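Worksheet: one structure, shown below.
Numbering (our numbering), first residue to last: 112 to 162.
Put into structure tokens, the structure is as follows:
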């Protein structure tokens with residue numbers, strides 16, 4: 112695969128059930144809405160990760 116993981120998301124039910132019950136889609140949407148893409152871009156630069 113030659114890939115470098117930058118962000119991990121736990122989608123097992125225990126991770127979101129208390130806040131989202133069985134609404135996994137809303138949990139995933141909230142996760143991505145709360146990512147700070149500037150920080151992730153900084154990680155890519157800092158660790159010289161090639162796209």
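Ideal Cβ positions, reconstructed from N, Cα and C, are used throughout, including at glycine. This structure is a prediction, so every number in the text was calculated from the model and none was measured.
* **Test item: CB-CB of residue 151 and residue 117 under 8 Å** => Within the chain shown, the letter at position 40 stands for residue 151. Within the chain shown, the letter at position 6 stands for residue 117. Less than 8 Å divides the Cβ of residue 151 from the Cβ of residue 117.
* residue 123 burial status per 10 Å Cβ neighbour count (16 or more: buried) -> As a first step, residue 123 must be located in the chain shown, where it is residue number 12. Residue 123 is exposed by the Cβ-count criterion.
* Asked: Cα-Cα, which of 126, 112, 157, 156 is closest to residue 142?
  -> As a working mapping, residue 142 is identified with position 31 in the chain shown. Here the closest residue by C-alpha is 126.
* To do: Check residue 140 in the structure and name its three-state DSSP category.
  => In the chain shown, the residue the question calls residue 140 occupies position 29. Looking at residue 140 - three-state DSSP - the assignment turns out to be helix.
* What is the DSSP secondary structure of residue 160, reduced to helix, strand or coil? -> As a position in the chain shown, residue 160 is number 49, starting the count at 1. The three-state reading of DSSP puts residue 160 in coil, since its state is none of H, G, I, E or B.
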